[in-house]
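Colleague: First, the structure itself, so that you have it in front of you.
Chains as they are written, first to last, in this note's numbering: chain A, 1 to 114; chain B, 115 to 223.
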């Protein structure tokens with residue numbers, strides 16, 4: 001079955017470390033997104049990519065980096081510059097032109113700083 | 115002002131009740147509107163899209179008022195399994211989804 005796979009499900013990071021969250025999709029979707037969710041808050045957009053080798057900053061990009069070398073993959077790196085990285089991270093993808101059913105989410109990665 | 119605002123909740127209702135959620139959005143150029151459902155510690159899942167003419171999917175009815183920039187979701191005959199957080203979501207002209215903070219619904223026996 002097609003879908004989005006995020007890994008790991010849970011991740012613990014020591015302060016000062018960079019960590020990379022994986023997001024892979026086999027839906028042949030062009031656009032991919034990274035969101036962050038904090039308790040009691042809505043999802044906030046970190047980065048998005050509408051095509052391979054291109055990506056744009058979202059609303060809260062500081063302290064994060066991404067790459068889009070392959071259509072299927074959109075990894076997110078949480079750098080040591082991100083001062084409050086503990087959150088639930090969600091990856092999503094969509095195929096332009098298939099509104100409104102095109103947005104699919106992965107099951108998320110819960111990152112905790114220890 | 116937040117781009118998408120929702121009732122704060124939580125809503126605690128008995129099984130069989132009818133419950134309504136409201137949402138307002140600030141960007142009049144917004145193009146598409148959705149309700150997503152999110153279970154505790156899970157990813158959001160699309161519940162239904164919202165059209166100006168109103169649309170229904172079983173016990174769920176969504177309505178959009180573009181003039182007032184207002185979206186609603188009505189759930190009839192609530193089930194225990196409806197307990198979740200309901201997210202109002204708006205797509206702006208740049209292809210980004212803007213999420214509300216969500217309204218938590220708890221249906222009790």
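Every residue, glycine too, gets a C-beta built ideally from N, C-alpha and C. Just so we're clear, the structure is a prediction, and the values are computed from it rather than from any experiment.
1. CB-CB under 7 Å to residue 202/B, same chain, minus the five flanking residues each way: which ones, in chain order?
2. Quick test of the definition: if touching needs 3 or more C-beta pairs under 8 Å, does the region 50 to 57 of chain A touch the region 146 to 160 of chain B?
3. What do you get for residue 12/A, buried or exposed, if any count of 16 or more other CB atoms within 10 angstroms of its CB means buried?
4. Relative to the C-alpha of residue 6/A, which candidate in 17/A, 92/A, 113/A has its C-alpha closest?
5. Skipping 5 residues on each side, what residues in its chain have a beta carbon closer than 7 Å to that of residue 2/A?
6. Suppose only complete runs of 3+ residues qualify. What are the beta strand (DSSP E) ranges in the region 59 to 94 of chain A, listed by chain order?
7. Since I believe residue 194/B is in contact with residue 129/B (beta carbons under 8 Å), could you give me their beta-carbon distance rounded to a whole number of angstroms?
8. Check this for me: beta carbons of residue 105/A and residue 95/A, under 7 Å apart or not?
9. Using CA atoms only, rank isn't needed, just tell me which of 171/B, 182/B, 180/B, 125/B is closest to residue 135/B.
10. Against residue 108/A, what residues of chain B qualify as contacts under a CB-to-CB distance less than 9 Å, listed in chain order?
11. Does residue 215/B have its Cβ less than 7 Å from a Cβ in chain A?
12. Just to confirm my understanding: we take residue 133/B, look at its own chain, exclude 5 residues before and 5 after, and list those with CB closer than 8 Å. What are they?
13. Using 10 angstroms around the beta-carbon of residue 109/A, count the other beta-carbons present and answer buried if the total reaches 16, otherwise exposed.
14. Check whether the Cβ of residue 210/B lies closer than 7 Å to any Cβ atom in chain A.
15. Taking Cβ positions only, does residue 12/A come closer than 7 Å to chain B?
16. Taking only three categories from DSSP, how would you classify residue 166/B?
17. Taking any Cβ of chain B, which residues in the region 17 to 50 of chain A have a Cβ under 9 Å from it, in chain order?
18. Give every residue of the same chain whose Cβ lies closer than 6 Å to the Cβ of residue 81/A, excluding the five residues on either side of it in the sequence, and list them in chain order.
Modeller: Judging by the given coordinates:
1. 118, 120, 137, 149, 185, 214
2. Contact between the region 50 to 57 of chain A and the region 146 to 160 of chain B is absent, with fewer than three C-beta pairs closer than 8 Å.
3. exposed
4. 92/A
5. 26, 27
6. 64 to 66, 76 to 78, 87 to 94
7. 6 Å
8. no
9. With distances taken between Cα atoms, residue 135/B lies closest to 125/B.
10. Per Cβ cutoff of 9 Å: 155, 156, 157.
11. yes
12. 125, 127, 188, 189, 192, 219
13. buried
14. yes
15. Taking Cβ atoms only, chain B never reaches closer than 7 Å to residue 12/A, which makes this a no.
16. Looking at residue 166/B - three-state DSSP - the assignment turns out to be coil, as it is neither helix nor strand.
17. 31, 33, 35, 37, 40, 41, 42, 43, 44, 45, 48, 50
18. 63
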